[in-house]
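Novice: Here you go, one structure.
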Amino acid sequence: MDSIMEIIENIEVELYKLKAELMPVEIPEDEGFEKITEEKINKYYEDLKNPELWVDEEEFFRVLNEDNDKE
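Convert by adding 1 to the 1-based position in the sequence shown; the result is the number in the working numbering.
If you want it as structure tokens, here you go:
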């Protein structure tokens, strides 16, 4: 009888575990997280393809050293 009561007491915990495994993780919008749309993702992707965004290795290390010198 004790084992049956223990199982019944743990059903809620087991259901939450099962839900966590089966359901995708969702971040509630009311917690300050903005919902990211497909359009935004595509815009970010297009921005990353912009060659002006990227620099050569020499420029990268120059900027990195400048940032380290500021600290």
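Note that the Cβ used here is the ideal one computed from N, Cα and C, for glycine as well.
(1) Could you check the C-alpha separation between residue 37 and residue 43 for me, to the nearest Å?
(2) Going by DSSP in three states, residue 56 sits in which element: helix, strand or coil?
(3) Since residue 42 is in the alpha helix (DSSP H), which residue starts that stretch and which ends it?
Specialist: In brief:
(1) Here the alpha carbons of residue 43 and residue 37 stand approximately 10 Å from one another.
(2) Here residue 56 sits in coil by DSSP.
(3) Run containing residue 42: 39-50, per the alpha helix (DSSP H) assignment.
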